[in-house]
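Shown next, in structure tokens, is the structure this report addresses.
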Amino acid sequence: MFKLRDYQQETVDNIYQSMKQGNRRIIVQQPPRTGKTVIMAEIARKTTDKGNRVMFIIHRKEVLAQAKATFRKQDVNVNLATMGMVQTLTRRVNKLVEPQLILIDEAHHAISNSYRRIINAFPNAYILYFTATPIRTGHDQLDQIADDIIVGKSIKWLTQHHFLAPFHYYGLGDIDRSKLRKQNGDYSSQSMDEAINHQIYGHIIQQYQRLANGKQAVVYCHSIESAKKVSEQFKSIGVRAAEIDGNTEPQVRDRLVQEFRDQKLMILANVNLFTEGVDLPNVDCVIMARPTSSLALYLQFSMRCLNPRRGKTAIIIDHVDNFLNFGLPNNDRDWKQAIVTKDKRKSNSNDDTGPAIAQCNYCFGTFYRTDIHDSCCPLCGHELKTETKDYKIVNVDLQEIKENQAVEHRKKMIQQILNDQVMANVADKSPGQLHTLKELQAYAKLHGYSTGWAWHQFNNRRKKKW
Ligand SMILES: [Zn+2]
């Protein structure tokens with residue numbers, strides 16, 4: 056049996072407290088990678104110990120085997136448990152034995168009809184909706200199917216207490232966001248194709264080498280073609296990489312995942328596969344090459360590398376500026392407000408802005424303005440010049456960001472780096488590491504220094520040599 060961590064036990068206690076107060080349908084919010092399945096298994100055990108039946112509903116089949124194993128390990132009486140995918144259970148709903156408790160995983164999907172059919176079939180059951188992100192795109196929210204919400208510890212708290220690794224976040228901007236179009240709650244494949252700069256592949260390799268060289272990384276891509284290209288690019292520089300997508304044979308996929316776990320593979324490029332559930336403990340770097348307008352996906356992508364280990368700092372490389380939609384993964388979010396269907400919200404929440412996020416023009420580190428000390432980048436130590444603008448994230452709605460000139464300025468700089476090999480070579484160096492006049496000029500251009508600065512530096516160096 057697992058011994059629950061204190062914060063997990065606290066969640067269990069809060070759930071029973073809410074039930075005692077008369078709530079029957081309760082949302083349980085817990086951030087990704089904090090042991091949701093263990094909490095569900097503990098509640099299932101308590102239920103079957105009393106001789107009551109439990110039903111466990113999941114959204115993706117990849118997760119089922121792992122959840123079953125966790126339930127068995129937690130001594131759930133599996134004879135009293137029905138566990139399955141929503142599609143399967145909803146088809147057989149008339150034949151199912153009535154449960155006293157229903158546990159729904161990834162419950163931000165639970166408003167859909169397939170879930171509602173099951174929920175409505177058992178009006179006397181307690182229902183617990185587990186999700187990291189109790190929010191949907193669009194008008195209708197989870198308050199339509201729930202009476203209460205229990206909010207778990209924040210990502211900041213979990214990091215401070217070493218349950219999640221700290222991270223460094225880099226926003227690279229290989230994308231033209233004006234081309235993105237939404238379709239069924241996320242960006243359409245075609246619009247992602249159009250928005251993503253084709254030079255992203257070379258840039259992914261460069262930035263991995265600059266920021267995360269030697270670390271095991273998962274790359275999130277928007278299409279099979281692009282995931283294959285990423286994998287090929289890594290192989291071409293001698294890094295062991297593989298690509299997995301929905302069409303990969305299950306045996307091949309399992310083998311590749313195992314090779315990654317055994318650290319024989321360094322890079323796994325995938326299309327929407329490693330979201331919930333699949334256990335990849337030693338990921339130290341996430342590379343996002345897929346824009347998303349879904350907060351659930353954003354947190355699943357970016358937090359994939361946050362399993363803690365002593366001394367670890369995870370690296371999140373965001374080539375497609377997902378942070379402009381959602382801020383950083385550990386932004387505080389108002390989940391109690393998020394579950395309220397839009398026209399029922401009391402105040403006009405759009406004025407409630409989240410913390411300002413700033414970006415270093417030198418390393419592209421992306422961080423809270425409050426983390427800046429002595430005007431230096433908290434990631435690389437480079438002096439931040441005054442023109443570094445804030446990105447203001449609208450917090451409560453969790454969907455919008457007010458972009459400003461800084462975006463334009465940065466896009467231009469990144470384009471320059473992509474177009475200019477010398478500039479790419481100097482991007483991660485300090486002036487002391489530069490030797491030729493051309494390098495110094497590129498550096499000056501990159502940081503907005505005058506051309507005179509480059510000449511001055513160059514002449515100084517020559518004098519020193521003599
Ligand atoms: Zn920096």
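In the numbering used here, the protein residues as written are 56 to 521. Built from N, CA and C at the ideal position, the CB exists for glycine as well. Small disclaimer: the values here were computed from a predicted structure and weren't measured.
Beta-carbon contacts of residue i that lie in its chain and below 6 Å, excluding the five residues immediately before and after
i    : result
I371 : F222, Y224, V341 and S357
K397 : H194
N385 : I210 and K211
A509 : L495, Q496 and A499
N175 : none
A122 : T92
I279 : D300 and V326
A250 : I230, D231, K234 and L235
F353 : Before going on, a small fix: residue 353 reads as Tyr here, not Phe. Excluding positions up to five away in sequence, the list reads T347, N377 and F381.
D130 : M56 and R100
K58  : none
N78  : D202 and D203
A351 : H163 and T188
R127 : none
L501 : M478
S349 : D241
Per-residue burial, residue i [other beta carbons within 10 Å of its own, 16 or more giving buried]
i    : result
L453 : Confidence is the limiting factor: at L453 the pLDDT is only 37, short of 50, which leaves the residue's position unreliable, though a coordinate-based value still follows. Looking at its Cβ environment, which holds 16 or more other Cβ atoms inside 10 Å, L453 is buried.
Q271 : buried
P336 : exposed
V451 : Interpretation of V451 is limited by its pLDDT of 36, a score under 50 that renders its predicted location unreliable; the figure taken from the coordinates is listed afterwards. Flag for V451 reads buried.
Y181 : buried
M56  : exposed
Q512 : buried
K208 : buried
V307 : exposed
A482 : buried
Y417 : buried
D542 : A query on residue 542 cannot be resolved here, the shown segment of the chain reaching from 56 to 521 and no further.
H277 : buried
G507 : exposed
T491 : exposed
H374 : buried
R388 : buried
K457 : Caution applies to K457, whose pLDDT of 43 falls short of 50 and renders its modelled position unreliable; the value that the coordinates give is listed next. K457 should be labelled exposed.
I98  : buried
T186 : buried
Q488 : exposed
Cut-off 8 Å between Cβ atoms - residues of its own chain near residue i, not counting five sequence neighbours on either side
i    : result
G139 : F111, I112, I113 and L119
Y184 : R80, I81, I82, V83, I159, A162, A165, L197, I200 and A201
T137 : R108, V109, M110, F111, L144, L151, V152 and P154
G420 : H223, Y224, Y225, Q414, C432, P433, L434 and C435
R191 : H163, I166, L197 and G240
R424 : P410, A411, I412, A413 and D445
D104 : N132
I427 : A413, P433 and L439
R60  : G90 and F218
S526 : Missing from the structure shown is residue 526; the chain here goes from 56 to 521 and no further.
Nearest-angstrom beta carbon gap, residue j and residue i [assumed within contact, 8 Å]
i    : j    : result
R232 : D376 : 7 Å
T102 : Y242 : The Cβ separation is near 40 Å, so there is no contact.
F378 : G226 : 5 Å
I205 : T66  : 6 Å
A344 : V274 : 6 Å
I393 : P87  : According to the sequence provided, residue 393 is Ala. The question's Ile does not apply to it. With a Cβ gap of about 16 Å, A393 and P87 do not count as contacting.
V338 : R359 : 6 Å
V148 : R171 : Between R171 and V148 the Cβ distance is about 11 Å, and since that is not below 8 Å, they are no contact.
7 Å Cβ shell around residue i - same chain, five flanking residues per side excluded
i    : result
K75  : none
A297 : S286, L311, L320 and L323
Q63  : G90, V93 and I94
E438 : S430 and C431
Y71  : none
V477 : K493, E494 and A497
S169 : V141, Q142 and T145
P363 : H217, F218, L219 and A220
Q238 : none
T125 : T92, V93 and A96
Interface flag, residue i vs chain B, CB-CB below 9 Å
i    : result
V131 : The chain inventory of the structure shown lacks chain B, comprising one protein chain alone.
Kindly provide the chain-ordered list of residues whose Cβ lies closer than 6 Å to any non-hydrogen atom of ligand 1. C415, Y417, C418, G420, C432, L434, C435 and H437
Would you check if the segment 283 to 298 and the segment 321 to 330 touch, i.e. whether three or more CB-CB distances between them fall below 8 Å? yes
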